[in-house]
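What follows is one structure encoded as structure tokens, with my remarks underneath.
Number of protein chains: 2
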Amino acid sequence: MVQVTLIGSGNVARHLLSALSDAPEVTLLQVFVRNPEKAPKLPAETELISDFERLAAADLYIIAVSDSAITEVSKSFPFSDRLVAHTAGSLPVNVIDSKNRGASFYPLQTFSKNRKLDFSAIPICIETADPADMKILREVAGAISNDVREVNSSQRLALHTTAVFVCNFVNHLYRLGENICTENQLDFNILKPLILETASKVMELDPKSAQTGPAVRRDDVTINRHLEFLKDDELIKIYNTLTDSIKKWN
Amino acid sequence: MVQVTLIGSGNVARHLLSALSDAPEVTLLQVFVRNPEKAPKLPAETELISDFERLAAADLYIIAVSDSAITEVSKSFPFSDRLVAHTAGSLPVNVIDSKNRGASFYPLQTFSKNRKLDFSAIPICIETADPADMKILREVAGAISNDVREVNSSQRLALHTTAVFVCNFVNHLYRLGENICTENQLDFNILKPLILETASKVMELDPKSAQTGPAVRRDDVTINRHLEFLKDDELIKIYNTLTDSIKKWN
């Protein structure tokens, strides 16, 4: 049995809380939230605390707070030489105050409130400053996910940046598409099979083979028809930037 | 029983061929391909032809060829006053030569070779120049899809443009992401749960509520970390263009 304490109450913390609570191999010892009134529901065996002085001895502390608060939180810990991991994708292990043994526990997924996720399919990227700590980290990560990978700090930054491209930017394109639909009295639902198939396709095909549309065909007649339709400067800029890039890459 | 003849041998034509062959309510009378050596496998009851003079009487002719060839193909038909539909998303119904009754039969999906699709879930957008033709078009579309919608020419152009945003541009972002992975000795498979969840999320949440990441949080420290990591001018341009747009919309 491995004992874990979780710090934070945001989206990542809440999803981790739920996954860790469900894992039979893990005892979720304590959950720290700054404001106890905003505390999530906890399992009976887990203690809610709001004072760092009350942190009990655990095998692993996971700090799931905003990037800018990680160092400060780790400095507030009233102990030393324990294993402390953060969940930030773009930060190295050494943002954890050096009085403790720093580590990274980065679940690569997009977390929204009220959205149920199957944690077992979420890749967890782990890294430890001291190789001897890898065993505990593997144990905790393996208790909630079937896809645990060792990823160093520079690779993790690469992954975090890539996630912006394949998730945040993609979702924004959905939003722009939704807006074009609304402006043309079209139901956004009509695009959902296309959105799902576009994602499903690259589960099997590489993105190069999966590409379709006017840019990869160099069909400038259609491209100009789209640009004329769009009118709006911002949309035209996005359309041209991505169309030029598709042409360059194909 | 409605009799349909299909013209073309590209991706859309091949997927339509397979769906129409499987529909009990449809007789696929003839398939026209310019080069019979490149002809797809046909059901026993369907005739392969390569000469427009051999086109037999059908209730509906579907022209699934490249946009630029549609008008020419429709001019080559040796008959008049029959119902002729094209499958192009960005073209009005009147690109069909006026000696026949023009229509649109636009399946809103991304079609790749060797990729099996469930046609019943693909929205088919239909339009006819003569409202009296709507009945036949509905019958054929309804035989292969559960989602048939009347969409006029300007709405269809809006949809086709939107499809570029939510499919072609999205797939290109996958490709750029794959490349960042390769350059950093990372396995692209690690991103697949994120890609799938990003698409699955907007099946239920609207894209505005689904947005996560540094741009929507206005986390410029992380954004600058990503830009510094990217280095490459093209990637930085795409990153900035989409980040600025997310900030503007949120």
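In the order they appear, the protein sequences are chains A and B. Heads up: the first sequence is residues 4 to 253, going by our numbering. Heads up: the second sequence is residues 4 to 253, going by our numbering. All C-beta atoms in this analysis are idealised placements derived from N, C-alpha and C, irrespective of residue type, glycine included.
Since residue i sits in a beta bridge, which residues does DSSP pair it with?
| i | result |
| --- | --- |
| residue 141 of chain B | None, per the DSSP bridge assignment. |
| residue 106 of chain A | A:88, A:131 |
| residue 6 of chain A | A:30 |
| residue 64 of chain B | B:8, B:87 |
| residue 50 of chain A | A:33 |
For chain A, find out if any of its Cβ atoms is closer than 8 Å to the Cβ of residue i; answer yes or no.
| i | result |
| --- | --- |
| residue 97 of chain B | no |
| residue 71 of chain B | yes |
| residue 30 of chain B | no |
| residue 205 of chain B | yes |
| residue 105 of chain B | no |
| residue 195 of chain B | yes |
| residue 177 of chain B | yes |
| residue 126 of chain B | yes |
| residue 183 of chain B | yes |
| residue 90 of chain B | no |
| residue 208 of chain B | yes |
| residue 33 of chain B | no |
| residue 44 of chain B | no |
| residue 172 of chain B | yes |
With distances taken from CA atoms, which of the options is nearest residue i?
| i | options | result |
| --- | --- | --- |
| residue 105 of chain B | B:161, B:139, B:123 | B:139 |
| residue 57 of chain A | A:66, A:98, A:81 | A:81 |
| residue 24 of chain A | A:6, A:41, A:14, A:13 | A:6 |
| residue 185 of chain A | B:241, B:198, B:144, B:158 | B:158 |
| residue 201 of chain B | A:111, A:234, A:246 | A:111 |
| residue 42 of chain A | A:17, A:144, A:182, A:64 | A:17 |
| residue 196 of chain A | B:170, B:91, B:179 | B:170 |
| residue 71 of chain B | B:48, B:133, B:205, B:98 | B:98 |
| residue 67 of chain A | A:77, A:162, A:90 | A:90 |
| residue 119 of chain A | A:15, A:239, A:151 | A:15 |
| residue 123 of chain B | B:95, B:217, B:26 | B:26 |
| residue 109 of chain A | A:103, A:117, A:87, A:60 | A:87 |
| residue 156 of chain B | B:92, B:133, B:117 | B:92 |
| residue 95 of chain A | A:235, A:129, A:49 | A:129 |
| residue 209 of chain B | A:181, A:32, A:45, A:203 | A:181 |
| residue 166 of chain A | B:64, B:102, B:225, B:76 | B:225 |
| residue 114 of chain B | B:132, B:145, B:13 | B:13 |
| residue 164 of chain A | B:116, B:11, B:33, B:234 | B:234 |
| residue 77 of chain A | A:62, A:59, A:61, A:103 | A:103 |
| residue 141 of chain A | A:151, A:132, A:133 | A:151 |
| residue 125 of chain A | A:61, A:246, A:146 | A:146 |
| residue 223 of chain A | A:203, A:247, A:207 | A:247 |
| residue 65 of chain B | B:194, B:131, B:204, B:219 | B:131 |
| residue 85 of chain A | A:8, A:252, A:168, A:206 | A:8 |
| residue 198 of chain A | B:193, B:194, B:204 | B:204 |
| residue 101 of chain A | A:83, A:116, A:107, A:117 | A:83 |
Hey, is residue i's beta-carbon within less than 8 Å of any beta-carbon in chain B?
| i | result |
| --- | --- |
| residue 234 of chain A | no |
| residue 137 of chain A | no |
| residue 211 of chain A | yes |
| residue 146 of chain A | no |
| residue 282 of chain A | The displayed coordinates of chain A run from 4 to 253. Any statement about residue 282 of chain A would go beyond what the structure contains. |
| residue 152 of chain A | yes |
| residue 216 of chain A | yes |
| residue 229 of chain A | yes |
| residue 249 of chain A | yes |
| residue 75 of chain A | no |
| residue 50 of chain A | no |
| residue 164 of chain A | yes |
| residue 161 of chain A | yes |
| residue 200 of chain A | yes |
| residue 118 of chain A | yes |
| residue 68 of chain A | no |
| residue 130 of chain A | no |
| residue 114 of chain A | yes |
Contact between the stretch 170-187 of chain A and the stretch 212-228 of chain B: three or more CB pairs below 8 Å? yes
Counting only runs that start and end within the stretch 148-198 of chain A, where is the alpha helix (DSSP H) found for 4 or more residues in a row? 156-166, 173-186
When the Cβ atoms of the stretch 31-41 of chain A are set against those of the stretch 49-56 of chain A, are three or more pairs found closer than 8 Å? yes
Flag this pair as touching only if the stretch 221-231 of chain A and the stretch 231-239 of chain B have three or more C-beta atom pairs under 8 Å; answer yes or no. no
Quick one: which unbroken beta strand (DSSP E) runs of 3-plus residues sit fully inside the stretch 215-253 of chain A? Chain order, please. none
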